[in-house]
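J.:
2 protein chains.
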Amino acid sequence: MPYFDMASAAPLHAVARQALVAALDEGWADPARLYREGRRARLLLDAAREAAAEAVGCRPDELVFTPSGTRALHAAVAGAAAGRRRTGRHLVHSAVEHSAVLHAAEPYDTTSVGVDRTGLVDAGVFAAALREDTALACLQSANHEVGTVQPVAQVADACRAAGVPLLVDAAQSLAWGPVPGAWSLLAGSAHKWGGPPGVGLLVVRKGTRFAPQEPADERESGRAPGFANLPAIVAAAASLRAVRAEAAAEAARLSALVERIRTRVPQLVPGVEVVGHDRHRLPHLVTFSCLYVDGEALLTGLDRAGFSVSSGSSCTSSTLTPSHVLKAMGVLSEGNVRVSLPMGTREEDVARFLAVLPGVVGEVRGRLGAPEGAWAPAAGSASGGGTADAAAPGDAGGTEPAAGLLVDSLGKLCPIPVIDLARVIGEVPVGGLITVLSDDEAARLDIPAWCAMRQQEYVGERPAERGTAYLVRRRA
Amino acid sequence: MPYFDMASAAPLHAVARQALVAALDEGWADPARLYREGRRARLLLDAAREAAAEAVGCRPDELVFTPSGTRALHAAVAGAAAGRRRTGRHLVHSAVEHSAVLHAAEPYDTTSVGVDRTGLVDAGVFAAALREDTALACLQSANHEVGTVQPVAQVADACRAAGVPLLVDAAQSLAWGPVPGAWSLLAGSAHKWGGPPGVGLLVVRKGTRFAPQEPADERESGRAPGFANLPAIVAAAASLRAVRAEAAAEAARLSALVERIRTRVPQLVPGVEVVGHDRHRLPHLVTFSCLYVDGEALLTGLDRAGFSVSSGSSCTSSTLTPSHVLKAMGVLSEGNVRVSLPMGTREEDVARFLAVLPGVVGEVRGRLGAPEGAWAPAAGSASGGGTADAAAPGDAGGTEPAAGLLVDSLGKLCPIPVIDLARVIGEVPVGGLITVLSDDEAARLDIPAWCAMRQQEYVGERPAERGTAYLVRRRA
């Protein structure tokens with residue numbers, strides 16, 4: 471049963487498993503104790519720290535182990551910002567950082583640097599956001615949802631020139647290699663590289679001001695309170711070494727498989743947008759969105775077909791909003807699928823995924839009543855009236871003439887508003903207007919994305935009595 | 471090789487080991503995901519939560535898993551205090567809490583409730599410390615250094631009557647049974663009950679105000695950010711069940727072994743003070759201090775003889791101060807040894823410990839030049855002059871007459887000041903005074919304790935030009 475969600479958690483690497491089981495016997499005691507069990511634990515901890523530091527490209531005394539990547543990021547943001555509190559309380563981060571960074575940054579005055587439609591940060595734009603009172607800058611090495619690799623080395627140079635430390639969230643990329651450039655802090659997460667859960671790492675390069683914000687604790691240089699999770703730390707370090715030994719070969723192999731998905735999915739499934747950068751990308755990760763499909767139904771269908779994937783669609787989140795990454799990129803969010811291939815993924819599993827996907831998407835589209843042919847590569851006229859009503863004349867405001875057709879999608883969740891729109895586009899003449907009323911936040915992303923994909927004109931949005939009115943002009 | 475430091479960390483229970491290894495295969499995925507690996511992980515997490523909650527005596531939705539007992543205590547103090555910030559910023563805790571509580575309490579206005587010489591908190595004194603603006607009270611179920619069991623149920627009643635939530639640090643007692651009484655919050659640590667490191671638990675009873683202070687995170691009810699350490703959580707819950715099944719029988723058996731240590735050590739080794747309560751105590755833990763011995767040398771000697779124990783002596787801590795617990799109790803801190811027996815400890819290992827101890831203590835005493843015979847049960851006259859000098863007359867101040875003999879122990883670490891004192895006590899006439907000058911913090915505990923044990927009179931201390939002058943009058 472192929473598991474294609476390595477970006478969320480990787481199954482335990484065989485080497486990690488061996489190391490963990492061995493360390494259960496050798497590494498359960500307190501490494502701060504002077505007796506033999508303690509000394510043995512200390513040796514294991516020191517060796518794990520050296521191995522991890524070598525893989526990261528730092529000194530062992532710059533690296534501490536934390537209980538998770540999330541906690542490493544939390545400690546990094548709080549500690550680095552406090553270390554420079556006399557400089558100011560301003561933080562710069564990209565709009566597509568992991569939520570652990572965004573939540574840790576909430577207490578500060580922040581500037582969120584936008585990305586282009588591929589999810590890429592512009593190093594110049596990022597540099598321009600640095601201010602006199604900027605205490606810390608944060609940039610991921612690669613995006614966790616779309617795989618876009620960020621220009622960390624360039625941004626690190628700009629930060630260094632401005633005297634601002636750069637924190638790199640390297641959770642998604644550390645399996646593949648060290649993060650280049652003159653960054654100051656770095657965080658990682660072992661269960662993303664085949665290590666066990668319960669281990670993150672936090673690197674604070676020498677010379678970086680850092681004031682830990684958690685209650686005092688002697689362990690891990692005062693940067694990670696609590697008893698060390700030693701067997702898991704030993705396994706995490708062993709696993710990082712092991713995956714790095716395979717990284718170059720696997721990166722080439724998986725990158726080719728991902729390329730195949732990037733190319734084939736839009737050919738096999740009409741109405742698909744592949745999102746993320748086509749060259750600056752992680753080797754194992756690809757994300758695409760499918761018109762007229764809701765993410766949860768798609769995940770369920772793929773799970774039934776034996777494939778475990780993830781989604782940034784609104785209906786799969788507890789907040790019912792699309793992922794902030796897709797929002798920042800301004801791409802289609804409905805029917806979103808993230809495929810991230812674990813090392814060792816077999817070619818035939820990818821082939822089977824490609825064979826299965828069109829049927830699963832088609833099944834969901836059929837069930838949701840998506841208009842037949844509406845997702846064909848060349849857009850034709852839509853059939854069926856659906857929920858469209860003739861608009862009352864004189865209803866429109868602003869500079870636009872009255873909408874020719876009003877589609878009331880209030881109370882309907884993604885992807886229904888887009889399906890409603892596709893159903894009626896054929897009912898207005900070329901040049902005619904359609905107004906879609908929707909109170910689903912995903913519509914703000916998905917209606918413009920639909921227009922771009924269907925070669926229709928997205929005119930704009932305006933507030934309505936309930937929800938928002940989205941204006942579309944028929945072009946073809 | 472007997473390991474007698476269960477209070478620090480217990481070796482992994484066989485059941486925990488089995489559960490951990492099984493959960494590595496079944497429980498590595500993200501329990502928040504909808505696909506089969508995620509659902510399987512969710513089932514394991516839910517089952518572990520139910521098992522742990524049953525053992526603690528709470529509802530499953532009141533319990534979350536944290537990365538360690540320390541982090542559970544940190545989160546509990548910060549969250550409970552913030553939940554009642556409108557009441558005030560006052561915290562009450564005992565003077566012998568774990569450092570994790572004391573450090574977490576540092577940002578607040580605190581009242582530290584003292585203990586008697588057995589380490590016991592008086593429930594009435596604790597209750598009297600509660601104020602109108604008390605946001606939180608903290609009391610351990612049992613002390614981690616001396617094993618004294620605290621009157622939690624009584625204190626919980628007093629807290630409830632005052633409308634103050636009580637946080638119980640149950641790290642040392644949870645292996646033995648649930649904590650009785652109407653407490654509001656509770657923290658525990660799996661590696662103290664034979665579970666793996668990397669797992670703590672935090673219980674917040676319904677109706678307790680709680681505002682998590684870490685960055686927002688959807689997992690574990692928003693009370694423990696980061697990816698769940700699932701295989702370890704499964705093992706922790708399994709282990710808690712397993713040790714509880716053995717707890718009653720083991721408690722009786724180990725309590726008898728501890729009783730034997732309590733009785734025999736003072737008979738076998740002269741100049742020993744057994745510390746901690748003789749009845750209100752944990753079944754497996756006993757602590758004693760030995761005159762004229764430094765803790766580190768003692769631990770090293772015992773380690774060489776095959777025994778792993780712990781110490782609260784100043785020389786075994788990085789701060790060179792005796793443990794705050796021994797300080798609060800006002801007992802001898804030099805040559806301190808904590809013995810905490812893991813479940814399954816064999817009687818013959820305890821017998822061998824008792825056989826070995828006198829030789830190890832004697833060896834250290836000999837090496838440090840402790841006066842021959844000075845530790846005999848009936849105090850005789852001391853031999854040898856050592857570092858004693860005749861004091862310059864007119865040197866004394868206050869109400870005491872000039873000290874007959876001045877012992878300059880400045881710059882010498884525990885237990886040397888006490889050894890210096892013992893060496894010269896025979897040189898002054900009965901009724902005569904000795905002044906010991908010392909800048910070692912342990913002397914403040916150990917000189918009065920020595921006087922009590924040797925039937926000499928401790929007159930008091932006063933500041934000196936360097937360090938402190940301790941005045942002792944010869945009685946016998």
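So the protein sequences, as listed, match chains A and B. Just so we're aligned, residue 471 is where the first sequence starts under this note's numbering, counting upward by one. Just so we're aligned, residue 471 is where the second sequence starts under this note's numbering, counting upward by one. In this text, a Cβ means the ideal position worked out from N, Cα and C, and glycines have one as well.
Just to confirm before moving on: does the CB-CB distance between A712 (chain A) and V485 (chain A) stay below 8 Å?
T.: yes
J.: Do three or more CB pairs link the segment 559-571 of chain B to the segment 601-615 of chain B at distances below 8 Å?
T.: Flag = yes, the segment 559-571 of chain B and the segment 601-615 of chain B touch.
J.: Short check: CB of L490 (chain A) to CB of V704 (chain A), under 8 Å?
T.: Cβ atoms of L490 (chain A) and V704 (chain A): closer than 8 Å.
J.: Whole angstroms are fine: how far does the CA of L671 (chain B) sit from the CA of S538 (chain B)?
T.: 7 Å
J.: Quick one: what does DSSP say V942 (chain B) is sitting in, helix, strand or coil?
T.: strand
J.: Taking contact to mean at least 3 C-beta pairs separated by less than 8 Å, is the segment 690-708 of chain B in contact with the segment 516-536 of chain B?
T.: yes
J.: Just curious, the beta strand (DSSP E) that P918 (chain A) is in, first and last residue?
T.: Per DSSP, P918 (chain A) belongs to no beta strand (DSSP E); it is in the alpha helix (DSSP H), A913 to M923.
J.: Jot down the residue ranges of each uninterrupted alpha helix (DSSP H) in the segment 524-584 of chain A, minimum 4 residues, whole runs only, in chain order.
T.: Along the segment 524-584 of chain A, the alpha helix (DSSP H) occurs as fully enclosed runs of 4 or more residues at 539-553 and 569-575, listed in sequence order.
J.: For A686 (chain B), go through chain A and note every residue whose CB falls closer than 7 Å to its CB, in chain order.
T.: H573
J.: Where P812 (chain A) and D500 (chain B) are concerned, what is the direct C-alpha to C-alpha distance, given to the nearest angstrom?
T.: 15 Å
J.: From this set, A:Q488, A:R924 and A:A798, which residue's C-alpha is nearest N613 (chain A)'s C-alpha?
T.: A:A798
J.: Rounded to the nearest angstrom, how far is the Cβ of S783 (chain A) from that of G765 (chain A), given a contact under 8 Å?
T.: 3 Å
J.: Scan the segment 610-626 of chain A for residues whose Cβ lies nearer than 8 Å to a Cβ of chain B and list them as they occur along the chain.
T.: none
J.: Do G829 (chain B) and R693 (chain B) have their CB atoms nearer than 8 Å?
T.: no
J.: Show which residues of chain A have a CB atom less than 8 Å away from the CB atom of D500 (chain B).
T.: D475, S478 and A479
J.: What distance in whole Å lies between the Cβ atoms of L600 (chain A) and C629 (chain A), which are believed to be in contact at a cut-off of 8 Å?
T.: 7 Å
J.: Do we get a CB-CB distance below 8 Å when we pair G553 (chain A) with the residues of chain B?
T.: Closer than 8 Å to the CB of G553 (chain A) there is not a single CB belonging to chain B.
J.: Listing by chain order, which chain A residues have their CB less than 8 Å from the CB of S788 (chain B)?
T.: E688
J.: Could you round the C-beta distance between G617 (chain B) and R751 (chain B) to whole angstroms and report it? I think they count as a contact, below 8 Å.
T.: 5 Å
J.: Assign A492 (chain B) to one of three DSSP states: helix, strand, or coil.
T.: helix
J.: What separation, rounded to the nearest whole angstrom, lies between the Cα atoms of A912 (chain B) and M476 (chain A)?
T.: 54 Å
J.: Does the beta carbon of D819 (chain B) come closer than 8 Å to any beta carbon on chain A?
T.: no
J.: Just grab the DSSP bridge partners of N806 (chain B) for me.
T.: B:S759
J.: Give the interface partners of G594 (chain B) over in chain A, defined as CB-CB distance under 9 Å, in chain order.
T.: Chain order gives no chain A residues near G594 (chain B), where near means a beta carbon separation below 9 Å; the closest approach is about 29 Å.
J.: So which residues of chain B does R506 (chain A) contact, with C-beta pairs closer than 8 Å?
T.: M471, D773 and S778
J.: The beta strand (DSSP E) with T604 (chain B) in it runs from where to where?
T.: T604 to Q610
J.: Alpha carbon to alpha carbon, how far is D910 (chain A) from E931 (chain A)? Give it in angstroms, no decimals.
T.: 13 Å
J.: If we ignore side chains and look at the alpha-carbon of each, how far apart do E833 (chain B) and S691 (chain B) end up?
T.: 55 Å
J.: Just how far apart, CA to CA, sit H573 (chain B) and A767 (chain B)?
T.: 29 Å
J.: At a CB distance below 8 Å, what residues from the segment 694-712 of chain A approach chain B? Give them in sequence order.
T.: Hits within the stretch, in order: P695, G696, F697, A698, N699, L700, P701 and A702.
J.: Within the 8 Å Cβ cut-off, does R816 (chain B) reach chain C?
T.: Note that chain C does not occur in the displayed structure, where the protein chains are A and B.
J.: Express the C-alpha separation of A523 (chain B) and G814 (chain B) in angstroms, rounding to a whole number.
T.: 25 Å
J.: T770 (chain A) versus chain B: which residues are under 8 Å apart at the beta carbon?
T.: L504
J.: By how many angstroms is the C-alpha of A546 (chain B) removed from the C-alpha of E927 (chain B)?
T.: So the alpha carbons of these two residues sit roughly 45 Å apart.
J.: Please say whether V906 (chain B) and P887 (chain B) have beta carbons closer to each other than 8 Å?
T.: yes
J.: Along the segment 740-766 of chain B, where does the CB come closer than 9 Å to a CB of chain A? Name the residues.
T.: Against chain A - using a Cβ distance shorter than 9 Å - the residues of the segment 740-766 of chain B are E766.
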